[in-house]
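Take the sequence shown: its position 322, counted from the start at 1, is 322 in the UniProt record's numbering, and no numbers get skipped. Glycine is no exception: its CB is placed at the ideal position from the N, C-alpha and C atoms. Notes for the one structure printed next.
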Amino acid sequence: MGDELAKRRSNGGTGGAAREAGFAEQQVAESRTDRLRIRAAWMYFIEQMTQNEIAEVLGVGRITIVRMLADARARSEVKIAIESELVEIVRLERELEKTFGLQQAFVAPLSTPDADPIPAIAARTGSFLSDTMKSGMRVGVGWGRTLFSSLPFISAKALPDFKVISLLGGVGVARQINPAEFAWRFAQVFQGEGYLIPAPAVVDSVETKVALVERCGLQDIFRMTEDLDAVLLSIGGIRSATTFYRGGFLKETQREELIALGAVGDVLFHPFDIDGRIVDHPINGVVMSVDVDRLRKAPIRILTSGGQEKIEALLGAMNLIAPTVLITDEESARRMLEMHTAREGRQ
1 MGDELAKRRS NGGTGGAARE AGFAEQQVAE SRTDRLRIRA AWMYFIEQMT QNEIAEVLGV
61 GRITIVRMLA DARARSEVKI AIESELVEIV RLERELEKTF GLQQAFVAPL STPDADPIPA
121 IAARTGSFLS DTMKSGMRVG VGWGRTLFSS LPFISAKALP DFKVISLLGG VGVARQINPA
181 EFAWRFAQVF QGEGYLIPAP AVVDSVETKV ALVERCGLQD IFRMTEDLDA VLLSIGGIRS
241 ATTFYRGGFL KETQREELIA LGAVGDVLFH PFDIDGRIVD HPINGVVMSV DVDRLRKAPI
301 RILTSGGQEK IEALLGAMNL IAPTVLITDE ESARRMLEMH TAREGRQ
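Following this line, the structure appears as structure tokens:
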């Protein structure tokens, strides 16, 4: 059923030059060496980790750690305290990693506390994906404004045998930001192959969904998601007018019902509560997307999201998706940790 896979091969790239002005562009230019050096200093002097332990966490050799620590001293970044603009960012990243069991957390600085976090998160996400995507990978992708905004910040390159599978329907939706659009553009950046779910994101009935999956060849697409190397996801907040609602995929009456049932966000249009439980609602039966349980099987689970309206959703996603990598902004990171601590105190 190869011709039914809605396969789209791309031969070009989006261009690696970031066009975002101001602070977001600074994120791309930030020195990776500086960041690693401050993380190493924090782990050694604050967390009292050994040089071998730090080398293992950061994925570098012990000699590199020794040089980083010496460099931090020479720059007067280490006195009684570590002095650097990155210290608070590193502290937040380490706290997120320990609190939520993440392998890696990346916190994007903001120019002001009330700044739109999406450009900063998108820049950090693009930089991370540029380094993380490798030849031969099979990557399942979600959608949303954050993911779409990361595309200009990804360094275009050819990755042989690179496959991108959309985890959500959306073919035929005439909008710039839709699931199919992001999936094929992401594949295009790496000159890979994009596999789309040739169906709407939301259908009119359970019977229609079953018919599409069983009789229209969609089993092949869903079967590909059983063996993913990585998933790349963003989440939406139910309580505000996020992509799920603004895009017309969710009616206002449905949104009110979900809020009444305790929903705080959605992933791939599946609503969930702050404890990470899928909310029982008819919308789950008509969404053309991969089951959340399947996402957790991927060894690399990347979640990139932020914003005041998504704090509860981010907390729920820590349990629901169990991401291995979280990319967010500094204000969201602080509020996540504060809300988590407050909830722990009430239990």
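| Item | Value |
| --- | --- |
| Mapping the DSSP letters down to three states, classify P113 as helix, strand or coil. | coil |
| Suppose the cutoff is 6 Å on Cβ atoms and the five residues either side in sequence are ignored; what does the same chain contact list for N178 look like? | G170 |
| Give me the residue from E226, G142, S149 and V203 with the minimum Cα distance to V267. | G142 |
| With I65 and A55 assumed to form a contact (beta carbons below 8 Å), what rounded beta-carbon distance in angstroms separates them? | 5 Å |
| Just to confirm, is the Cβ distance from S289 to L147 under 7 Å? | no |
| Would you kindly check if the distance between the Cβ of L151 and the Cβ of R185 is under 7 Å? | yes |
| For R346, count the other beta carbons within 10 Å of its own beta carbon; 16 or more makes it buried, fewer makes it exposed. Which is it? | exposed |
| In its own chain, which residues sit with a C-beta less than 7 Å from the C-beta of I311, not counting the 5 before and 5 after it? | S332, R335, M336 and M339 |
| Leaving out five residues on either side along the sequence, give the residues of the same chain with a beta carbon under 7 Å from the beta carbon of L92. | V107, E330, A333 and R334 |
| Give the range of the beta strand (DSSP E) segment to which V264 is assigned. | Unbroken run through V264: none, as it is neither H nor E. |
| How is D329 classed by DSSP in three states: helix, strand or coil? | strand |
| Going by DSSP, what residues sit across from H281 in a beta bridge? | DSSP lists no partner for H281. |
| Could you give the residue range of the alpha helix (DSSP H) that holds E234? | Note on identity: in this sequence residue 234 is Ser, with Glu being the wrong assignment. Element bounds for S234: n/a, residue is neither H nor E. |
| Excluding the five sequence neighbours on either side, which residues of its own chain have a C-beta within less than 8 Å of the C-beta of T208, listed in chain order? | V286 |
| Would you mind sorting S166 into buried or exposed? The rule is 16 or more other CB atoms within 10 Å of its CB. | buried |
| Nearest-angstrom Cα distance between P282 and H270? | 10 Å |
| Leaving out the 5 sequence neighbours to the left and right, which residues in its chain are closer than 8 Å to D227 when beta-carbon positions are compared? | R138 |
| So is R73 in contact with chain D if we call contact Cβ pairs under 7 Å? | As a matter of chain content, chain D is missing from the structure shown, which is built from one protein chain. |
| For L303, name the three-state secondary structure that DSSP assigns. | strand |
| Roughly how far, in whole angstroms, is the beta-carbon of Q48 from the beta-carbon of R62, given that I think they are within contact range, below 8 Å? | Between R62 and Q48 the Cβ distance is about 17 Å, and since that is not below 8 Å, they are no contact. |
| What are the uninterrupted segments assigned as beta strand (DSSP E) that are 3 or more residues long and contained completely in the stretch 96-146, given in chain order? | 104-108 and 138-141 |
| So, with DSSP's three-state summary, where would you put V292? | helix |
| Going by DSSP, name the residue or residues bridged to S166. | V141 |
| Excluding the 5 residues preceding and the 5 following A313 in the sequence, name in chain order all residues of the same chain whose CB lies nearer than 6 Å to its CB. | I235, G237, V264 and G265 |
| Taking the C-alpha atoms as reference points, what is the distance between K157 and Y195? | 19 Å |
| Indicate the three-state DSSP secondary structure (helix, strand or coil) for F272 in the structure shown. | strand |
| Assuming F249 contacts A201 under a Cβ cut-off of 8 Å, what Cβ separation, rounded to an integer in Å, is found between them? | 6 Å |
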